Every structure is written in structure tokens, then in C-alpha cells.
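Report on the following structure.
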Ligand code: S0N
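Numbering (full-length UniProt numbering), first residue to last: 51 to 388.
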């Protein structure tokens, strides 16, 4: 129906200025967009430290992600690390102080937590493109992304208990959530895994208290494998071992593995497939997929999408117009739908 996805390489243009013409002064990241493709790429640029982040890195990442969010031509964001040796090795231990990480400030901070929330709430898919190590806080960053494409040299793991740190927030809860969603997906008595159909679909389960919306993206037979389970999540944190890309795939931590040399090509292909789909469908699906786990914040995000859609409806417009015209709104022609 839609034709083939183009396979030519993306042409990246460095994004050096914001809309007002002010120059971004990035030192720790590279921020690029592919002209006319609807794809942005944000790269941690500290390869000499295996792309470990310091507060400055996070500040710049937040600016870039905000820009990509605000740019209504951008539909998918690639998040990666410079070079082939690491996606990100977590917080820069050299600037870790008693009160968090400190570089240019006198005080420490844990601003990576803000970035995690930002990626989670960003209403566009964020795709982690992982070559080499995704370790510690770097592993958490790939986990909060919507999709992870791993090179065959990728290594995943948490080191917290070895270096005296931990992420008891998203770093733990999202890992457990990944487990739950994956288990649900495989147990669904639907055709996806048997037929290998590549489609976006949603599925509602309504029980007395649970309202879940699950989404399967390209669930092929080869992706449906043993599940990590809550025990494996504990193993990952308690033992702090490293896992290869195939092991991570088995645990449901990555969507696919590709040869290192075709990592970007494949990631761009996935992005191209995403950006030709309906922006509002993708937006609502992302917030829906997070809603249950994100509690009030998740509900707010999903509900905000409903408001966004309602504002464009005849009924919504009728209310606003009547208010501006100082009239009583007449909603009588709008049905109370079953
Ligand atoms: C990634 C590893 C396995 C790569 O090993 P490899 O390839 O042998 O390279 P190395 O020779 O070890 O490293 C090359 C150079 O890079 C430096 N370097 C690497 N990682 C870091 C890092 N994280 N911090 C500072 N420097 C780093 C090396 O020192 C080396 O430099 P030279 O040559 O000058 O010695 C391996 O490098 C490794 O294991 N790295 C450490 C991984 C780690 O423990 N990361 C920290 C884990 N903790 C967190 O990330 C904190 C969690 C977190 O982010 C968080 C969560 C909740 C709340 C707050 C936070 C927060 O802290 O912000």
C-alpha cells in the first residue's frame, strides 16, 4: 500500500541554531536533522569517556530533545553515542561528588533523571541506536527510549552495585515494566506472531481494575523468545553482569540486532517507516503505552492528547466560539454517544 521504504543513507545537517537564530553552543553532544526526512539525531559526543555523561551533557541533551519536540517537521528522534565503542557508559564517575554530579557548578545534581522523564513524555518516538556499551545510566537511557536497535557489538548492563550507585526510579521500574509488557504481548491469542504480520495494532484488556493498551510493532516469530521475567530484572541489578546483544534481545531489552556497519541504515529505515504513519496515532499510542505505569503523569499525558483532539472537533469549537461571542453554547446537536 505504501511502497518500499527508501534505503538511501540519511543526509544529516548539523543543527547549530534555534528558531530565533541563537546559536546552540554544544560541547558534549552533536545535534543533527535529516533534511526532509522528519528525523533528528542526537549524539553524545564524549567517546574518550565511552560517552559517559556529566551535568553539561545532560543540559545539552535536554535542549536538543526540546528542540526536536518543538519542531513539527520531526517525527522520530534517534539517540546515540559517538563512535562504535559505546552508546553511553552512564554518569561520569570522575565528576561524581557526595551530592550528585558536578562539573561547572559548585553543587552536584542528578539531572539525568529530568532527561529520562523528558524522553518518556516526549510525544514522538525516540529510538536508541546502540553500538558498544550501554552501561549503568547509559543502559537506563536506552531503556526509556521507545525502541532500541542494537549493533551486534552491543553490550548491556547495570554496574550500580559495583560502583556504589543505583537507579531505583525508572532504571528499576521500567525494567520490570518491559518484562510485563513483553509477557503480555506473547500471551496475546492473536495472529501477530504466527503470521509475522508487520503492523501497528492496539489491544484493549479491560478487567475490573486494569485498563491496558498494548502495542505490538513488527512482532516476528524470531522476536518471540523466552521472556526475562522479574527474576532476570533482579539478576541484572544484583549481579551487575554484562549481556551481549543476543542475550539482551532474548530478554526483550532490544527490538532487533543488526551488523555494526548497517546500524544507522537500519535505524533510519525504522524511523522512515514510523514517520510515514499517522502522527496523532503514534502520539496517542506512545502516551497510552506509558499511561498505566506512569500513574497520574501518564494519565495526564494521555488525557492531554484527548483534549488536543477535542479542541479540533465541532463540539469543542462550538463551546469556544459561543464563549467568545458571549452566547450560551448550544450543544444540543451533539449526541450523547453510547
Ligand atoms: C563502559 C566500560 C565497560 C567500557 O570498558 P572499556 O572499553 O574497557 O573502556 P575503559 O578503558 O574502561 O574506558 C575508556 C575511558 O573511558 C573512561 N570511562 C568509561 N566510563 C566512564 C564513566 N562512567 N565515568 C567516567 N569515565 C569513564 C575510563 O575511565 C577510560 O578513561 P581513561 O583511559 O582515562 O582511564 C567501562 O568503561 C566501564 O565499566 N565504565 C564505567 C561504567 C559505570 O560504572 N558507569 C556508572 C554507572 N552508574 C551510573 O551511571 C549512575 C546511574 C545514574 O545515572 C543515576 C541513576 C539514578 C539517579 C541518578 C543517577 C546519576 O548518577 O546521574
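For every residue, glycine included, the Cβ atom is placed at its ideal position computed from N, Cα and C. This structure is a prediction, so every number in the text was calculated from the model and none was measured.
Within a Cβ cutoff of 8 Å, which residues of the same chain sit near residue 373, ignoring the five residues on either side of it in sequence? Residues of the same chain with a CB within less than 8 Å of the CB of residue 373, apart from the 5 flanking positions on each side, are 379 in chain order.
What does the alpha-carbon distance come out to for the pair residue 209 and residue 215? Rounded to whole angstroms, the separation of the alpha carbons of residue 215 and residue 209 is 8 Å.
Give the straight-line distance between the Cα atoms of residue 302 and residue 221, rounded to the nearest whole angstrom. Answer to the nearest angstrom: the Cα atoms are 15 Å apart.
What does the alpha-carbon distance come out to for the pair residue 346 and residue 79? The alpha-carbon separation between residue 346 and residue 79 amounts to approximately 32 Å.
What do you reckon, is the C-beta of residue 213 under 6 Å from a heavy atom of the ligand S0N? Yes, the Cβ of residue 213 comes within 6 Å of a heavy atom of the ligand S0N.
I need the boundaries of the alpha helix (DSSP H) containing residue 187, first residue and last residue. Per DSSP, residue 187 belongs to the alpha helix (DSSP H) from 187-194.
Using only the alpha-carbon positions, how far apart do residue 56 and residue 130 sit? When rounded, the distance between both Cα atoms is 22 Å.
Just the C-alpha distance for residue 83 and residue 318, rounded to the nearest angstrom, thanks. Spanning the two alpha carbons is a distance of roughly 12 Å.
Ranges of the alpha helix (DSSP H) found wholly within the segment 93-160, counting only runs of at least 4: You should have 105-120.
Name the residue from 189, 173, 73, 282 whose alpha carbon lies nearest to the alpha carbon of residue 179. The candidate whose alpha carbon is nearest that of residue 179 is 189.
So, are the CB atoms of residue 115 and residue 205 less than 7 Å apart? Cβ distance not < 7 Å, so residue 115 and residue 205 don't count as in contact.
Measuring from the CB of residue 160, is there a heavy atom of the ligand S0N at a distance below 6 Å? Under cutoff, so the answer is yes.
Look up residue 433 in the DSSP assignment and say whether it is helix, strand or coil. With the chain running from 51 to 388 in the structure shown, residue 433 is simply not present.
Under 7 Å, do residue 183 and residue 218 count as touching if we go by C-beta distance? No, the Cβ-Cβ distance between residue 183 and residue 218 is not below 7 Å.
Please tell me whether residue 285 has its Cβ less than 7 Å away from any Cβ of chain B. The chain labelled as chain B is not found in the depicted structure, where only one protein chain is given.
Per DSSP, residue 67 forms a beta bridge with which residues? 73, per the DSSP bridge assignment.
Going by Cα to Cα distance, which pick from 381, 109, 296, 89 is closest to residue 163? Nearest of 381, 109, 296, 89 to residue 163, Cα basis: 109.
With distances taken Cα to Cα, identify the nearest neighbour of residue 111 among 366, 364, 283, 176. Residue 176 is the option with its Cα nearest to residue 111.
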